[in-house]
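Residue 257 in UniProt numbering is what sits at position 257 of the sequence shown, and the numbering runs on without skipping anything. Cβ coordinates follow ideal geometry from the N, Cα and C atoms, glycine included.
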Amino acid sequence: MSDPTPIFAADGPLAAAIPGFRARPQQIEMAQKIAEAIKANRILVAEAGTGTGKTFAYLVPALLAGGKVIISTGTKTLQDQLFNRDLPTVRAALKVPVTIALLKGRANYVCHYHLERNARDGRFLTAQDAADLRAITRFAKLTQTGDKAECTDVREDSMAWIAATSTRDNCLGQDCPYKEECFVMQARRNAMEADVVVVNHHLFFADVMLRDEGMGELLPACNAVIFDEAHQLPETASLFFGDSVSTAQVLELARDTRSETVSAARDCVPMIDQTRNLEKAARDLRLVFGTESARLSAAQASERENFDAQVEALEKTLGEFHAVLDTQAERSEGLANCLRRTEEMAERLARWRNPAETDLIRWVEVFTQSLALNATPLHVSDVFKRQLEGHPRAWVFTSATLAVGKADFGHYCRELGLAWMDPPPMTAVWGSPFDYAEQALLYAPAGMPDPNAPDYTERVARVALPLIRAARGRAFVLCTSLRAMRRIHELIVDGLQQSGDELPVLLQGEGSRTELLERFRRLGNAVLVASQSFWEGVDVPGDALSLVVIDKLPFAPPDDPVLAARVEHMQKQGLSPFVHHQLPRTVINMKQGAGRLIRTERDRGVLCICDPRMIEKSYGKVVWRSLPPMRRTRAEDDAVAFLQTLPPPRRGD
């Protein structure tokens with residue numbers, strides 16, 4: 001592949017095709033480095049600050065490479081943006097005959113079999129669910145792709161989608177009567193034939209896991225893999241290289257088996273009874289923990305009265321369920337599939353109770369309505385390294401937040417096994433082209449108490465209020481816990497009422513993330529109080545966001561069972577868990593949260609970090625130095641004065 005530099009020139013094809021396009025030196029250097037990695041089948045780990053234009057920087061060499069390229073993103077939103085907007089734009093500008101395909105997990109595609117069966121059964125919790133399923137049925141007749149993102153009449157979180165899509169567990173595969181028109185199979189065929197395939201990290205790892213087990217290969221062999229939003233990979237890999245059995249899966253199995261029995265084995269009353277018994281066993285296990293939500297190690301869970309007994313009861317009930325289902329499975333493809341799922345679930349449950357591997361972290365997560373028994377690997381580096389060592393190809397990992405300090409990728413490379421590759425990974429950092437010293441102010445309020453102090457949350461709200469008033473809304477208040485989030489929201493609402501400031505204050509959970517962001521942008525003067533899910537992947541360019549307040553440095557809770565096990569393991573190896581794991585993770589998360597503020601060359605605003613540890617602790621300097629080079633102050637007056645110089649908000653409806 002030739003040097004991509006001319007493509008980005010002022011008189012080049014991108015400038016000719018894209019109104020307002022202006023190349024940045026960082027973007028050109030990044031494109032050159034990626035072209036080099038693809039040509040030499042090397043690993044490249046690259047941090048590119050906000051505004052670098054990293055999407056075009058990797059798309060240009062990817063489209064010019066001439067081989068097959070997989071691009072994996074952290075979110076379906078970016079996946080859709082790449083496929084529908086960025087890829088077609090760059091392809092048209094370069095005039096290259098490259099075919100592209102979009103591939104998502106099967107839960108994103110309408111399933112003809114489950115839609116038809118559930119529409120016929122007509123069992124719905126609400127009238128809205130029934131109306132949504134009718135809308136999906138109409139959509140299924142018109143759509144070419146079956147991608148639920150295209151069905152704008154039905155909310156993404158509607159319960160009707162569960163009835164209209166399949167899972168890996170309940171898909172009938174080759175036995176399905178609708179296999180010829182299956183949207184999932186069609187999407188996979190398109191992906192096999194395309195030159196560039198856009199996937200997401202969850203799908204990529206689902207495929208890696210299946211290939212590792214020798215069960216097939218969802219994603220085709222390729223010459224290069226490019227991971228955007230690559231900071232999410234260690235967490236996603238942990239999720240997929242582990243094992244899990246949840247009471248929600250058990251209830252779904254019971255429900256599907258009952259439905260298949262009514263359809264194909266109505267005379268088998270014992271099977272219906274067994275589905276009820278299985279549901280009861282799952283619910284009894286969840287009820288061990290009452291109304292609380294929690295994350296506990298397996299040892300902590302065992303200390304709860306009846307926990308071990310209820311897990312054993314579930315395993316016994318699953319065995320009895322299997323015995324009856326085995327006598328009926330040959331009566332339909334659906335029942336045969338339920339039998340396979342039962343056997344797989346029984347194996348996972350047996351492995352959880354008596355693990356063969358010693359480097360697994362066994363833990364329990366309790367949700368409002370369900371409970372999951374999880375087994376997570378201590379580290380994913382070995383499994384992931386095996387994938388890298390397989391077929392010779394280029395691997396590109398890029399994000400705005402991968403390094404600790406200015407250019408230390410050690411933590412990231414160790415987590416994914418890249419540190420032990422030969423040759424070692426190429427690494428590079430390109431800072432943001434934004435003028436942070438002019439555009440932004442970092443405010444670390446003086447006199448804040450220790451984050452464990454009983455009145456800390458109240459003090460955060462007290463710091464935030466004058467800033468919110470000076471900014472006339474237009475603020476994100478990002479919290480590290482749901483409890484702090486709810487309390488700070490309450491205090492901000494009260495404080496604004498007392499001062500007579502009529503500003504809309506939104507709270508995470510009052511709607512879907514997409515809905516809340518749409519309202520925030522539309523209102524133009526809103527305050528959004530949210531937790532970790534709004535720290536990344538949220539883009540509000542322009543005047544609607546001029547203030548970001550962060551309550552604490554986002555350290556994972558020390559009693560988290562997965563973290564606790566990893567800490568213990570690192571201590572046994574003679575490593576400092578804080579230096580080698582907890583602090584680097586916190587820095588990367590912190591950079592993500594701070595990155596919400598300045599999204600374009602015209603944005604201006606204040607980043608307020610309330611946590612005094614950033615100033616007072618020696619490790620705080622690592623966080624401080626990793627943030628963009630904003631002007632810094634400890635005086636409230638400076639922050640208020642900066643915000644008061646901003647143009648007034650554009651009021652929405």
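Among the residues of its own chain, which have a CB less than 6 Å from the CB of residue i, if the five just before and after it don't count?
i           : result
Ala31       : Pro4, Ala57, Val60, Pro61
residue 656 : Here the chain has residues from 1 to 653 only, and residue 656 is not among them.
Leu102      : Phe83, Val198
His231      : Ser399, Thr401, Leu402, Ile588
By the 10 Å Cβ neighbour count, where 16 or more other Cβ atoms means buried, how is residue i classified, buried or exposed?
i           : result
Thr368      : exposed
Trp363      : buried
Trp395      : buried
Pro554      : buried
Ala16       : exposed
residue 738 : The structure shown does not extend to residue 738, since the chain is modelled only from 1 through 653, so no value can be given for it.
Gly66       : exposed
Asp359      : exposed
Gln644      : exposed
Ala48       : buried
Gly473      : buried
Ser381      : buried
Leu142      : exposed
Ser238      : buried
Gln571      : exposed
Where does residue i sit, in a helix, a strand or coil, going by DSSP?
i      : result
Ser370 : coil
Asn118 : helix
Met448 : coil
Trp624 : helix
Asn84  : helix
Tyr619 : coil
Asn200 : strand
Glu490 : helix
Ile100 : strand
Arg353 : helix
Ala526 : coil
Phe476 : strand
Pro377 : strand
Ile162 : helix
Leu416 : coil
Cys338 : helix
Ser297 : strand
Leu646 : coil
Thr398 : strand
Phe8   : helix
Ser263 : helix
Pull up the CB-CB distance for residue i and residue j, whole angstroms please, since I reckon it's below 8 Å.
i      : j      : result
Ala475 : Arg634 : Ala475 to Arg634, Cβ: 20 Å. No contact.
Leu253 : His201 : The Cβ separation is near 27 Å, so there is no contact.
Arg596 : Gln439 : Not a contact, Cβ separation roughly 14 Å.
Ser531 : Cys479 : 5 Å
His580 : His411 : 7 Å
Lys33  : Lys76  : In fact, because the Cβ distance is near 28 Å, the residues do not count as touching under 8 Å.
Ala371 : Thr167 : The sequence given here places Leu at residue 371; Ala does not occur at that position. With 8 Å as the limit, Leu371 and Thr167 do not qualify as a contact, their Cβ atoms being about 19 Å apart.
Tyr456 : Met630 : That belief does not hold up - the Cβ atoms of Tyr456 and Met630 are roughly 24 Å apart, past 8 Å.
Ala107 : Asp132 : Contact doesn't hold; Cβ gap of about 16 Å is too wide.
Ala135 : Leu115 : The Cβ separation is near 11 Å, so there is no contact.
Thr137 : Ala119 : 6 Å
Taking 7 Å as the limit between beta carbons, can you name the residues of its chain near residue i, skipping five residues before and five after?
i      : result
Phe296 : In the sequence as presented, Phe is not what sits at residue 296; that position holds Leu. Taken in chain order, the residues that qualify are Trp363, Val364, Pro561.
Ala301 : Phe307, Val364
Val68  : The question names Val, but residue 68 in the sequence shown is Lys. Closer than 7 Å at the Cβ level, and outside the excluded window around Lys68, lie Asp195, Pro220, Cys222, Asn223.
Pro541 : Arg599, Thr600, Asp603
Might you give, ordered along the chain, the residues of its own chain that have their beta carbon closer than 8 Å to the beta carbon of residue i, omitting 5 neighbours on each side?
i      : result
Ser2   : Leu64
Ser332 : Glu260, Ser263, Ala264, Ala265
Thr89  : Ala17, Ile18
Using a Cβ-Cβ distance under 8 Å, would residue i count as near chain B?
i      : result
Ala281 : Considering every chain present, this structure includes no chain B. It has just one protein chain.
Checklist entry - Are the region 497 to 515 and the region 580 to 592 touching by the rule of at least three beta carbon pairs closer than 8 Å? => result no
Next on the checklist: Whether or not the region 559 to 576 and the region 442 to 459 are in contact is what I'm after, with contact meaning three or more pairs of Cβ atoms, one per stretch, closer than 8 Å; do they touch?
Outcome noted: no
Item to check | Sufficient close CB pairs (3 or more, under 8 Å) joining the region 455 to 465 to the region 488 to 502 | outcome: yes
Item to check | Inter-stretch contact at 8 Å, needing at least 3 Cβ pairs: the region 223 to 240 / the region 344 to 357 | outcome: no
Next on the checklist: Quick check: the region 279 to 287 against the region 538 to 553, are at least 3 beta-carbon pairs closer than 8 Å?
Outcome noted: no
Checklist entry - Would you call the region 397 to 405 and the region 246 to 264 in contact, with 3 or more CB pairs under 8 Å? => result no
Item to check | contact_flag[the region 310 to 322, the region 515 to 528] where n(CB pairs < 8 Å) is 3 or more | outcome: no
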